[in-house]
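Asks: Dropping the structure in here first, questions after.
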Amino acid sequence: MNDQPAVISPPMPRRTVLAAALAAVVVPLSGCGGSAGEAASVAPRASVTSPASGRASASPEGPEPSVRDLPAPDEAIPKDPGRLADALTRTGERLRDAIDDWRRTGDPAKGEAPEPVVLLSLYEQRVYRYLARNPKVASRTYGELPKEVAARARDNVTAIRDLLSLAHPVSGPIKIKVRSPEPADALLADFRRAERRFGVEWEVLAAVMLVETKFGRVRSPSYVGAKGPMQFMPGTWKAYGMGGDIDDTGDALLGAANYLHASGAPGDYRRALYAYNHSQAYVDAVLLHARQMKRDIRNYYAYYTWQVYVITTKGERRLTGP
Numbered sequence: 001m002n003d004q005p006a007v008i009s010p011p012m013p014r015r016t017v018l019a020a021a022l023a024a025v026v027v028p029l030s031g032c033g034g035s036a037g038e039a040a041s042v043a044p045r046a047s048v049t050s051p052a053s054g055r056a057s058a059s060p061e062g063p064e065p066s067v068r069d070l071p072a073p074d075e076a077i078p079k080d081p082g083r084l085a086d087a088l089t090r091t092g093e094r095l096r097d098a099i100d101d102w103r104r105t106g107d108p109a110k111g112e113a114p115e116p117v118v119l120l121s122l123y124e125q126r127v128y129r130y131l132a133r134n135p136k137v138a139s140r141t142y143g144e145l146p147k148e149v150a151a152r153a154r155d156n157v158t159a160i161r162d163l164l165s166l167a168h169p170v171s172g173p174i175k176i177k178v179r180s181p182e183p184a185d186a187l188l189a190d191f192r193r194a195e196r197r198f199g200v201e202w203e204v205l206a207a208v209m210l211v212e213t214k215f216g217r218v219r220s221p222s223y224v225g226a227k228g229p230m231q232f233m234p235g236t237w238k239a240y241g242m243g244g245d246i247d248d249t250g251d252a253l254l255g256a257a258n259y260l261h262a263s264g265a266p267g268d269y270r271r272a273l274y275a276y277n278h279s280q281a282y283v284d285a286v287l288l289h290a291r292q293m294k295r296d297i298r299n300y301y302a303y304y305t306w307q308v309y310v311i312t313t314k315g316e317r318r319l320t321g322p
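According to my numbering, the sequence shown is numbered sequentially starting from 1.
Set out below in structure tokens:
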């Protein structure tokens, strides 16, 4: 179960995941010239931060951006805890307003997320990833944040750090097959259908899919042969897939809910998730993301637009998004 076959976690019994190591490391290719189902060639390279491409900076070092200004995909991230806290607080507020607008005036059941949601979510994700790699800065930043924002940041940063601990950097060129995810509300309907049938909370299923394949963006099998949007090993799928298609999102979610239920959910999510992937770090990360979705459904829509990264020996590289 991994977001990207480039980042590999140790072999797991019964069903290994590519995404666990990559989930914190992988993103969509739509803005990088990739199309649905296209295999993207990835060669390790040092990450490069590009200028704001004429957009007003989201960094606290510049003037307060207007409502219409959005952070560029590679907007600079402040290094000072106070400025980081400022940027995270403002970005979070604007992102949640943009999600409210999307749900009210757009149609999350059709098409892709609007640009404000995508760009603000990407910036927030990049800040979390920076903090995950810099725990001392993260600790000081939490103290500068409003209580609710600090709790959300701490959960996300800790989850990303847990998943990064499972990743093994790639040293050579690889190919990762990616595609656009299904519409956010179509996925939500599938999560809730699986919850009704097996009693596994939809937020837990969504967190697993986020960690595994960034909501189906990563379509390559894992290095041990795990397949589909929920990264099932063929043998496990045969036992719990109920005759469905391992690559079909609805079938895969039902199979995952079936497997988690048989492994102890909803009575014991830790036991069930550990059966899904034999890693306490994985279990912790999934439950932290699920907790955030339970606290505010807008966190689901923010996670939905998180991008796919691959970790290389020369740094991490974003594979999807603008």
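Glycine residues also receive a C-beta, built at the ideal position from the N, C-alpha and C atoms.
All values reported here derive from a predicted model rather than from experimental measurement.
#1: Excluding the 5 residues flanking tyrosine 123 on each side, which residues of the same chain have their C-beta closer than 7 Å to its C-beta?
#2: If you count every other CB in all the chains shown that lies within 10 Å of the CB of arginine 317, and 16 or more means buried, which is it?
#3: When you compare only the Cα positions, how much space is there between arginine 154 and tyrosine 142?
#4: Hey, out of Lys227, Val204, Pro108 and Arg140, whose CA is closest to threonine 213's CA?
#5: For glutamine 280, does the count of other Cβ atoms within 10 angstroms reach 16, so buried, or fall short, so exposed?
#6: Using 8 Å as the cut-off, can you tell me whether the region 186–199 makes contact with the region 153–168, which would need three or more C-beta pairs spanning the two stretches below that distance?
#7: Between the region 168–180 and the region 92–102, can you find at least three pairs of beta-carbon atoms closer than 8 Å?
#8: Cβ of leucine 187 within 8 Å of Cβ of alanine 257?
#9: Between tyrosine 259 and glycine 250, what straight-line distance do the alpha-carbon atoms span, to the nearest angstrom?
#10: May I have the straight-line CA-CA distance separating asparagine 277 from valine 283, to the nearest angstrom?
#11: Tell me, to the nearest whole angstrom, how far the beta carbon of leucine 254 is from that of glycine 243; I am working on the premise that it is less than 8 Å.
#12: Which residue or residues does DSSP assign as beta-bridge partners of phenylalanine 232?
#13: Can you tell me the Cα-Cα spacing of serine 263 and tyrosine 130, whole angstroms?
#14: What do you reckon, are the CB atoms on leucine 164 and alanine 138 nearer than 8 Å?
#15: Cutting at 8 Å between CB atoms, please list the residues of its own chain near leucine 88, excluding the five before and the five after it.
#16: Classify glycine 267: buried if its beta carbon has 16 or more other beta carbons within 10 angstroms, exposed otherwise.
#17: Kindly list the residues whose CB is nearer than 6 Å to the CB of aspartate 247, restricted to its own chain and excluding five residues on each side of it in sequence; keep chain order.
#18: So if DSSP puts glycine 315 in a beta bridge, which residue, or which two residues, is it bridged to?
#19: Is it true that the CB of arginine 217 sits closer than 8 Å to the CB of threonine 312?
#20: Ends of the alpha helix (DSSP H) at lysine 177?
#21: So the candidates are Gly315, Lys314 and Val310; which of them puts its Cα closest to the Cα of lysine 175?
#22: Can you give the Cα-Cα distance for histidine 230 and alanine 285, rounded to whole angstroms?
#23: Can you tell me which of the three DSSP states valine 218 falls into?
#24: Could you check where the alpha helix (DSSP H) with methionine 293 kicks off and where it finishes?
#25: Using the DSSP secondary-structure output, state which residues sit across from valine 170 in a beta bridge.
#26: Helix, strand or coil, according to DSSP, for leucine 120 in the structure here?
#27: Short check: CB of alanine 290 to CB of alanine 207, under 8 Å?
#28: Output the distance between the C-alpha atoms of proline 78 and leucine 84, rounded to the nearest integer angstrom.
Replies: In terms of the structure at hand:
#1: Numbered from its first residue, the sequence shown carries residue 123 at position 123. Closer than 7 Å at the Cβ level, and outside the excluded window around tyrosine 123, lie Ala58, Pro71, Glu75 and Thr91.
#2: Taking the sequence shown and counting its residues from 1, one reaches residue 317 at position 317. That one is buried.
#3: In the sequence shown, counting from the first residue as 1, residue 154 sits at position 154. In the sequence shown, counting from the first residue as 1, residue 142 sits at position 142. One C-alpha to the other measures close to 7 Å.
#4: The residue you call residue 213 lines up with position 213 of the sequence shown. Among Lys227, Val204, Pro108 and Arg140, the Cα nearest to that of threonine 213 is on Lys227.
#5: As a first step, residue 280 is located in the sequence shown; it is residue number 280 there, counting from the start. The residue is exposed, with fewer than 16 neighbouring Cβ atoms inside 10 Å.
#6: no
#7: no
#8: Position 187 of the sequence shown, counted from the start, is the residue given in the question as residue 187. Position 257 of the sequence shown, counted from the start, is the residue given in the question as residue 257. No, the Cβ-Cβ distance between leucine 187 and alanine 257 is not below 8 Å.
#9: Translated into positions along the sequence shown, residue 259 becomes position 259. Translated into positions along the sequence shown, residue 250 becomes position 250. Taking the straight line joining both Cα atoms gives about 14 Å.
#10: Here residue 277 is taken as the residue at index 277 of the sequence shown, counted from 1. Here residue 283 is taken as the residue at index 283 of the sequence shown, counted from 1. For asparagine 277 and valine 283, the distance between alpha carbons rounds to 8 Å.
#11: Taking the sequence shown and counting its residues from 1, one reaches residue 254 at position 254. Taking the sequence shown and counting its residues from 1, one reaches residue 243 at position 243. By a beta-carbon distance limit of 8 Å, leucine 254 does not contact glycine 243. Their separation comes to about 10 Å.
#12: Taking the sequence shown and counting its residues from 1, the one referred to as residue 232 is at position 232. DSSP lists Lys227 as partners of phenylalanine 232.
#13: As a working mapping, residue 263 is identified with position 263 in the sequence shown. As a working mapping, residue 130 is identified with position 130 in the sequence shown. Cα-Cα distance, rounded: 35 Å.
#14: Taking the sequence shown and counting its residues from 1, the one referred to as residue 164 is at position 164. Taking the sequence shown and counting its residues from 1, the one referred to as residue 138 is at position 138. Cβ distance not < 8 Å, so leucine 164 and alanine 138 don't count as in contact.
#15: Here residue 88 corresponds to residue number 88 of the sequence shown, with the count starting at 1. Hits under 8 Å: Glu124, Val127, Thr141, Leu145, Val149 and Ala153.
#16: Within the sequence shown, the letter at position 267 stands for residue 267. Looking at its Cβ environment, which holds fewer than 16 other Cβ atoms inside 10 Å, glycine 267 is exposed.
#17: Against the sequence shown, residue 247 aligns to sequence position 247. Only Gly228 meet the Cβ criterion.
#18: For the purposes of this step, residue 315 is taken as the residue at position 315 of the sequence shown. In the DSSP secondary-structure assignment, glycine 315 is bridged to Thr312.
#19: Residue mapping note: residue 312 aligns to position 312 of the sequence shown, counting from 1. Residue mapping note: residue 217 aligns to position 217 of the sequence shown, counting from 1. The answer is no: Cβ separation not under 8 Å.
#20: Position 177 of the sequence shown, counted from the first residue, corresponds to residue 177. Here lysine 177 belongs to no alpha helix (DSSP H); instead the beta strand (DSSP E) covers 174–178.
#21: Start at 1 with the first residue of the sequence shown, and residue 175 comes out as number 175. Checked all of Gly315, Lys314 and Val310; the closest Cα to lysine 175 is Val310.
#22: The count along the sequence shown starts at 1 and reaches residue 230 at position 230. The count along the sequence shown starts at 1 and reaches residue 285 at position 285. Checking the displayed sequence, the identity of residue 230 turns out to be methionine instead of histidine. Each residue's alpha carbon lies about 16 Å from the other.
#23: Position 218 of the sequence shown, counted from the start, is the residue given in the question as residue 218. Of the three classes helix, strand and coil, the one that applies to valine 218 here is strand, per DSSP.
#24: Residue numbering aside, residue 293 sits at position 293 when the sequence shown is read from its first letter. From DSSP, the alpha helix (DSSP H) with methionine 293 extends over 280–295.
#25: Here residue 170 is taken as the residue at index 170 of the sequence shown, counted from 1. For valine 170, which the question treats as bridged, DSSP gives the partners Thr312.
#26: Numbered from 1 along the sequence shown, position 120 holds the residue referred to as residue 120. In the structure shown, leucine 120 sits in a helix (DSSP, three-state: H, G or I).
#27: As a working mapping, residue 290 is identified with position 290 in the sequence shown. As a working mapping, residue 207 is identified with position 207 in the sequence shown. Cβ atoms of alanine 290 and alanine 207: closer than 8 Å.
#28: Your numbering for residue 78 matches position 78 in the sequence shown. Your numbering for residue 84 matches position 84 in the sequence shown. So the alpha carbons of these two residues sit roughly 5 Å apart.
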